[in-house]
Amino acid sequence: MTGTPPPEKPQLPWFKASPLAHGIMLALFSLATAVLLAIANDSTSAPIAARGAEDLAASLEQVIPRDLHDNDLAASLRPITDAEEGAVSVYVATKSGTVTGLAFEMSGPGYSGLIHVLLGIAPDGTLLGVRVLSHTETPGLGDKIEVAKGDWILGFAGKSLQDPSPENWKVKRDGGVFDQFSGATITPRAVVKTIYRGLNFFDRNKAALTAPLPAKS
1 MTGTPPPEKP QLPWFKASPL AHGIMLALFS LATAVLLAIA NDSTSAPIAA
51 RGAEDLAASL EQVIPRDLHD NDLAASLRPI TDAEEGAVSV YVATKSGTVT
101 GLAFEMSGPG YSGLIHVLLG IAPDGTLLGV RVLSHTETPG LGDKIEVAKG
151 DWILGFAGKS LQDPSPENWK VKRDGGVFDQ FSGATITPRA VVKTIYRGLN
201 FFDRNKAALT APLPAKS
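Just so you know, the UniProt record's numbering puts 6 at position 6 of the sequence shown, and the rest follows in order with no gaps.
Laid out in structure tokens, this is it:
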């Protein structure tokens, strides 16, 4: 008795068997993915940029009061190249063409990473306001530098290189006048040093920073 021959294996379609076809399919898949990513990027870039502009405007208003200027701070940039700080972008506040305030960012190493601080300074060198933009300090300890977590950062308004004197621009544990936090001295120490650097940056570049902005054509 003869057995039934096994069924023949179906032949693979040419596009599954050919290495060239595999390469074409991979290329088409990559192209489709790239197109989708480009569409997604175009659809989200504008909202992201708008949100960034809103955040910047809100931060600037916290360190330069709205009633001090009649210009668009975000659009009034003055680049300064400083011997110690390098390139710094400074936002210039004006009222009727007169410079009434300046805002710029300074960064310094904290306990667990860089602390980014935004300073607002009057033309006479007095601090109008200070805010911490970002940090990676310990929650519950170092994060008290945020205005949302405490009023410590508000205490710098009205200070200058002369008030307090240079030797007192330190936390109290180091012989200065600024409070530190219980269990966290490194973070406030870093912020104080960063603000003091910012005041010195302003002092070194005061003439250039307070000069009238060029008239727009």
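All residues carry an ideal CB built from backbone N, CA and C; glycine is no exception.
Check whether residue i and residue j have beta carbons under 8 Å apart
i: Ala207; j: Ile80; result: no
i: Gly150; j: Gly120; result: no
i: Gly131; j: Ile153; result: In the sequence as presented, Gly is not what sits at residue 131; that position holds Arg. Result yes, Cβ atoms of Arg131 and Ile153 sit closer than 8 Å.
i: Tyr111; j: Ile186; result: yes
i: Gly125; j: Asp203; result: yes
i: Leu73; j: Tyr91; result: yes
i: Leu133; j: Val117; result: yes
i: Phe181; j: Lys144; result: yes
i: Ser96; j: Asp70; result: yes
Alpha helix (DSSP H) segment containing residue i, residue limits
i: Gly198; result: Ile186 to Arg204
Closer than 7 Å: residue i CB and nearest the ligand MG heavy atom
i: Thr187; result: No copy of the ligand MG appears in this structure; indeed no ligand is present at all.
Outcome for residue i when other beta-carbon atoms lying within 10 angstroms are tallied against a minimum of 16
i: residue 218; result: Any property of residue 218 remains undetermined from this structure, which presents the chain solely from 1 to 217.
i: Pro188; result: buried
i: Thr98; result: exposed
i: Leu77; result: exposed
i: Leu26; result: exposed
i: Gly24; result: Residue 24 is actually Ile in this sequence, not Gly. Answer is exposed; the Cβ neighbour count stays below 16.
i: Thr210; result: buried
i: Val171; result: buried
i: Ala49; result: Because Ala49 carries a pLDDT of 45, less than 50, the predicted location of this residue cannot be relied on, and the following value inherits that uncertainty. Burial call: exposed.
i: Ile39; result: exposed
i: Val63; result: buried
i: Gly52; result: The predicted model places Gly52 with a pLDDT of 49, which falls under 50 and marks its position as unreliable; any figure quoted below should be read in that light. When all chains shown are included, Gly52 counts as exposed.
i: Asn205; result: buried
i: Ala103; result: buried
Selected residue, minimal CA-CA separation from residue i, among the options
i: Pro109; options: Gly142, Thr98, Glu61 and Gly176; result: Gly142
i: Ala83; options: Gln180, Asp179 and Phe201; result: Phe201
Extent of the continuous beta strand (DSSP E) to which residue i belongs
i: Ala93; result: Gly86 to Lys95
i: Arg173; result: Note, Arg173: premise wrong, no beta strand (DSSP E); not H, not E.
i: Val147; result: Looking at the DSSP string, Val147 is not in any beta strand (DSSP E), and its letter there is neither H nor E.
- Message: Does the contact criterion of 3 or more C-beta pairs under 8 Å hold for the stretch 81-90 versus the stretch 152-167?
- Response: no
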